[in-house]
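As they're listed, the protein sequences go chains A and B. For what it's worth, the numbering used here labels the leading residue of the first sequence as 1, then goes sequentially. For what it's worth, the numbering used here labels the leading residue of the second sequence as 202, then goes sequentially.
Protein chains: 2
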Amino acid sequence: MEIVTLDLEGVLVPEIWIAFAEKSGIEALKRTTRDEPDYHRLMQYRMDILREHGFKLSDIQNVIANIKPLEGAKEFLDKLRELTQVIILSDTFSEFALPLMRQLGYPTIFCNSLVIDESGMLSDIRMRTENGKKKAVEALKAIGFRVFASGDSYNDLAMIREADGGCLFRAPENILKSERDLSLVTEYDDLLEKIKAFING
Amino acid sequence: MEIVTLDLEGVLVPEIWIAFAEKSGIEALKRTTRDEPDYHRLMQYRMDILREHGFKLSDIQNVIANIKPLEGAKEFLDKLRELTQVIILSDTFSEFALPLMRQLGYPTIFCNSLVIDESGMLSDIRMRTENGKKKAVEALKAIGFRVFASGDSYNDLAMIREADGGCLFRAPENILKSERDLSLVTEYDDLLEKIKAFING
């Protein structure tokens with residue numbers, strides 16, 4: 001019995017913070033883990049900016065609702081869910097993911113969550129567990145699943161390597177260079193074929 | 202971060218073998234684990250009957266496609282998936298579940314699978330793991346989820362007791378008598394309220 005675990009941002013939807021910065025016009029929110037490697041500090045920086053601009057969670061969700069999944073992502077996911085089970089493993093927050101999940105037909109997603117204060121503003125983050133993606137694959141294997149994993153980022157590598165099968169999807173040059181043993185796929189149809197081969201193999 | 206695990210048959214859809222026996226007119230398929238407690242022997246009995254009647258998997262799936270989810274189940278599940286993550290935990294087979302999952306909007310389901318021979322007939326069953334429902338709840342807790350579970354049958358009790366919260370849903374009299382400490386819900390709206398209270402509690 002097989003299951004597929006997929007990264008969200010860069011695989012099915014655009015990078016949420018980048019897209020949000022563009023839609024909202026707040027350039028300062030384009031800062032990423034490349035600029036600030038400490039994730040908790042980066043999130044504190046982002047939450048401070050959102051507060052300065054008076055953005056409540058509901059405002060943010062309204063902006064995210066206008067971010068579209070990547071072209072072909074919904075169709076790919078529909079075909080995949082007809083074929084096998086799918087869980088999206090992401091380091092984003094469920095409150096941000098919701099408007100996108102709605103557009104993708106509510107696939108199951110394992111991610112983190114936000115703490116919202118009484119005024120509706122973001123006040124903290126709550127990580128479900130450390131190394132969430134790798135641990136989720138381990139847990140799925142422990143209950144009898146053969147797991148296929150795919151993603152595009154450094155935080156997907158442990159998940160892909162822990163899985164029984166997998167590949168990179170539209171990964172950037174630096175990852176392709178450092179992870180030469182992992183295969184790369186750039187189109188949804190090819191990813192679907194790779195998953196079919198895994199299921200039948 | 203919360204997740205809800207739900208039994209399938211009796212909670213979201215009718216008992217599949219009973220409904221199949223009725224739709225197909227094969228009375229002998231109404232035999233259940235009450236008549237034959239050994240599940241593997243019961244399944245062998247069912248597979249023999251299907252073969253006698255010349256029923257291939259595709260024929261069975263066509264019949265199952267005409268079985269409707271329970272009244273209100275889709276609407277309940279839609280509301281629940283807007284609210285939190287959901288995984289259906291079932292002892293049925295993915296090949297039987299598929300036509301029903303399609304009608305329910307492809308929620309994620311963890312179940313078992315069938316072995317199909319070259320003529321398209323059922324030849325064996327493949328259990329993903331023993332005590333699959335309880336183990337799935339354990340695995341979800343291990344990766345940081347608070348789990349709410351609900352079901353109607355004996356094979357749901359370990360899952361409900363392992364979860365952080367839960368209740369019986371439309372359970373029969375004998376279970377209500379033996380499990381007096383578990384609360385019972387019979388309507389989807391009440392189940393949704395119970396889950397909301399769990400999430401907020």
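The beta carbon of each residue, even a glycine, is placed where N, CA and C say it ideally should be.
Go through its chain and collect everything with a Cβ distance to residue i's Cβ below 8 Å, but skip five positions before and after it.
i: A:S119; result: K56
i: A:L191; result: F76, S150, C167, F169, V185
i: A:K74; result: Q103, L104, G105
i: A:T108; result: V86, I87, I88
i: A:T84; result: E2, I3, V4, I195, I199
i: B:H241; result: I326
i: A:Q144; result: It should be pointed out that residue 144 of chain A corresponds to Gly in this sequence rather than to Gln. Same-chain partners within the cutoff: M1.
i: A:Q61; result: E95, F96, L98, P99
i: A:A158; result: N131, K133, K134
So, at 7 Å on beta carbons, what are the nonlocal neighbours of residue i in its own chain, with the 5 sequence-adjacent residues on each side left out?
i: A:G10; result: D152, S153, R170
i: A:H53; result: I26
i: A:L182; result: I160, C167, L168
i: B:L323; result: M248, L251, L258, L315, I317
i: B:E216; result: E210
i: B:T330; result: K336
Excluding the 5 residues flanking residue i on each side, which residues of the same chain have their C-beta closer than 6 Å to its C-beta?
i: B:A220; result: I268
i: B:L207; result: I289, S351
i: A:D164; result: R146, V147
i: A:I36; result: Note on residue identity: the sequence assigns Glu, not Ile, to residue 36 of chain A. The answer, listed in chain order, is L42.
Return the bridge partner residues of residue i from the DSSP annotation.
i: A:Q228; result: Residue coverage of chain A in this structure runs from 1 to 201, which leaves residue 228 of chain A outside it and unanswerable.
i: B:R327; result: B:S314
i: A:L184; result: A:L168
How far does the alpha helix (DSSP H) with residue i in it extend, from its first residue to its last?
i: A:R31; result: Segment: none, A:R31 is in no alpha helix (DSSP H) and carries neither H nor E.
i: A:H40; result: 39-52
i: A:N174; result: 173-178
i: A:G132; result: 132-142
Is DSSP giving residue i helix, strand or coil here?
i: A:V13; result: strand
i: B:N313; result: strand
i: B:G367; result: strand
i: A:R102; result: helix
i: B:F221; result: helix
i: A:D149; result: Before going further, note that residue 149 of chain A is Ala rather than Asp in the sequence given. Here A:A149 sits in strand by DSSP.
i: A:D91; result: strand
i: B:G321; result: coil
i: A:E36; result: coil
i: B:F256; result: coil
i: A:N200; result: helix
i: B:K395; result: helix
i: B:K275; result: helix
i: B:I261; result: helix
i: B:L358; result: helix
i: B:K269; result: coil
i: A:L8; result: coil
**Item:** Under 9 Å (Cβ pairs) to chain B, residues found in the stretch 86-106 of chain A
**Value:** Contact residues of the stretch 86-106 of chain A toward chain B are V86, I87, S94, L98, M101, R102, G105, Y106 (C-beta to C-beta distance below 9 Å).
**Item:** Proximal residues, the stretch 334-365 of chain B versus chain A, C-beta separation under 9 Å
**Value:** Answer in chain order: K336, A337, E339, A340, L341, A343, I344, G345, F346.
**Request:** Give, in chain order, every residue of the stretch 315-327 of chain B whose Cβ lies closer than 8 Å to some Cβ of chain A.
**Result:** Correct list: R327.
**Item:** Residues within the stretch 15-41 of chain A neighbouring chain B, beta-carbon criterion of under 8 Å
**Value:** Of all residues in the stretch 15-41 of chain A, none places a beta-carbon less than 8 Å from a beta-carbon of chain B.
**Item:** Near-chain B residues of the stretch 176-199 of chain A (beta-carbon distance less than 7 Å), N- to C-terminal order
**Value:** The stretch 176-199 of chain A vs chain B, Cβ under 7 Å: nothing.
**Request:** Can you give me, in chain order, the residues of the stretch 248-259 of chain B that have a beta carbon less than 9 Å from any beta carbon in chain A?
**Result:** So the list is empty, because no residue satisfies the distance condition.
**Asked** Mind listing which residues of the stretch 70-82 of chain A have their C-beta closer than 7 Å to chain B's C-betas, in chain order?
**Response** Hits within the stretch, in order: R81.
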